[in-house]
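Asks:
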Amino acid sequence: MADEAQYLEILSMNLDHFIETYFEIQVDHMKKKDKDSNKKIIPKLSTIILVVLFLAFIAPESSKLVSLCSAIGFACPSIFTAMKPGPFSFTCYAANSGHVIAIDPGHQAKGNSEKEPIGPGASKTKAKVATGTCGVATKTPESELCLSLGLKLQAELISRGYTVVMTRTTNDVNISNSERAKVANEACADAFIRIHANGSENHSVSGATALCQTKNNPYNGALADSSYSLSKSVLDCLVDQTKCKKLSIQQTDTMSGINWCTVPVTIIEVGFMSNPTEDRLMETDDYQNNIAIGIANGIDAYIMGQ
Ligand SMILES: [Zn+2]
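So the sequence shown is numbered by this note's numbering: it starts at 2 and just counts up by one.
(1) Among Thr255, Asn298, Asn186 and Ile250, whose alpha-carbon lies nearest the alpha-carbon of Pro265?
(2) Roughly how many whole angstroms lie between the Cα atoms of Ile300 and Asp287?
(3) In whole angstroms, what separates the C-alpha of Cys135 from that of Ala223?
(4) With respect to the beta strand (DSSP E) encompassing Pro106, which residues constitute its N-terminal and C-terminal limits?
(5) Are the CB atoms of Ser228 and Cys245 within a distance shorter than 8 Å?
(6) Can you give, in chain order, each stretch of the alpha helix (DSSP H) that sits fully within the segment 210-249 and has at least 4 residues?
(7) Going by CA-CA distance only, name the one from Gln109, Thr255 and Arg281 that's closest to Asn221.
(8) Rounded to the nearest angstrom, what separates Val101 and Ile159 at their Cα positions?
(9) Please determine whether the Cβ atom of Glu117 lies at a distance below 7 Å from any heavy atom of ligand 1.
(10) Helix, strand or coil, according to DSSP, for Val166 in the structure here?
(11) DSSP three-state label for Met305, please.
(12) How about Leu154 and Ala302: do their beta carbons lie closer than 8 Å?
(13) If you pair each beta-carbon of the segment 177-186 with each one of the segment 140-152, do three or more pairs fall below 8 Å?
(14) Round the Cβ separation of Ile196 and Gln109 to the nearest angstrom and send it over; I've been treating them as touching at under 8 Å.
Structure follows, in structure tokens:
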């Protein structure tokens with residue numbers, strides 16, 4: 002019996018030891034499993050944090066990123082042009098923080114005669130983008146003059162603290178007028194400045210004018226007042242700065258690039274390329290700088306009046 006009792010005692014001790022050891026192994030295994038699953042969770046968490054940081058800080062700056070890309074002549078991925086400015090902003094400008102200006106240098110190297118609706122849901126169509134006029138004396142295409150002016154205006158506005166979005170920074174593009182409007186819409190621009198130069202069969206006609214929609218525009222008549230105010234400020238300041246002749250503002254609902262806008266818009270016709278004197282003047286760097294300064298002054302006045 003004594004031996005049997007001793008044997009049972011030893012067996013019981015061994016069993017205890019076995020159970021203790023078994024549970025220790027299980028606990029260790031579970032701890033290890035936890036560590037492994039932590040390893041899997043950590044990358045997931047960091048992805049979520051990165052996405053949140055991107056949406057909070059980078060995406061709102063997308064329009065600045067686009068203008069920065071334009072400034073260095075780099076085609077920005079379209080995902081950034083599609084983003085809207087958000088509630089956060091880490092770039093601080095003194096005067097014009099948060100104001101976005103979209104610039105459309107009119108036309109392009111080659112026009113596109115394919116048709117597009119003149120407004121959202123319109124059955125009436127118009128060529129996607131016209132070739133534009135040409136300098137009677139300089140032979141400069143309107144698209145080149147508009148691009149040169151657009152780039153000068155971009156630099157001027159950036160120096161004043163604006164965020165600038167460009168529809169194009171080269172001549173070799175193919176962007177329809179409705180697509181240009183969408184660039185301004187998607188950037189939630191405070192103002193959309195479409196730069197053009199005029200042409201007339203009467204070569205003595207000169208001066209600047211601006212165009213915008215009427216209150217009866219079926220697509221964006223609600224923007225007629227703000228667009229008229231923008232047109233007036235830009236035209237007045239352009240004339241002040243360049244001393245060119247001031248023509249009256251034209252209100253029209255036939256322009257696709259205006260009708261597709263969901264933001265205040267103006268077409269500024271800076272002068273007549275059919276007038277030899279004005280054509281030669283608009284070719285000069287000094288006069289182009291004055292045009293850019295004049296338009297920027299007009300944008301400042303419009304923004305301050307809002
Ligand atoms: Zn034009």
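Cβ atoms here follow ideal geometry from the backbone N, Cα and C, with glycine treated the same way.
Replies: This is what the structure holds:
(1) As a working mapping, residue 265 is identified with position 264 in the sequence shown. With distances taken between Cα atoms, Pro265 lies closest to Asn186.
(2) As a working note, residue 300 is residue 299 in the sequence shown. As a working note, residue 287 is residue 286 in the sequence shown. Answer to the nearest angstrom: the Cα atoms are 20 Å apart.
(3) If you number the sequence shown from 1, residue 135 lands on position 134. If you number the sequence shown from 1, residue 223 lands on position 222. Rounded to whole angstroms, Cys135 to Ala223 spans 34 Å at the Cα level.
(4) Taking the first residue of the sequence shown as 1, we reach residue 106 at position 105. Taken as a continuous stretch (DSSP letters only), the beta strand (DSSP E) holding Pro106 covers Val101 to Pro106.
(5) Numbered from 1 along the sequence shown, position 244 holds the residue referred to as residue 245. Numbered from 1 along the sequence shown, position 227 holds the residue referred to as residue 228. No; because the gap between Cβ atoms is not below 8 Å, this pair is not in contact.
(6) 225-243
(7) The sequence position of residue 221 within the sequence shown is 220, counting from 1. Of the listed residues, the one whose Cα sits closest to Asn221 is Thr255.
(8) Taking the sequence shown and counting its residues from 1, one reaches residue 101 at position 100. Taking the sequence shown and counting its residues from 1, one reaches residue 159 at position 158. Computed Cα separation, rounded: 10 Å.
(9) Counted from its first residue, the sequence shown places residue 117 at position 116. False, no ligand heavy atom lies under 7 Å from that Cβ.
(10) Locating residue 166 in the sequence shown gives position 165, where the first residue counts as 1. In this structure, Val166 counts as strand in the three-state DSSP scheme.
(11) Residue mapping note: residue 305 aligns to position 304 of the sequence shown, counting from 1. Helix at Met305.
(12) On the sequence shown, residue 154 is found 153 positions in, with the first residue counted as 1. On the sequence shown, residue 302 is found 301 positions in, with the first residue counted as 1. Contact: no.
(13) no
(14) Here residue 196 refers to the residue found at position 195 when the sequence shown is read from its first residue. Here residue 109 refers to the residue found at position 108 when the sequence shown is read from its first residue. Their Cβ separation, rounded to whole angstroms, is 13 Å, which puts Ile196 and Gln109 out of contact at 8 Å.
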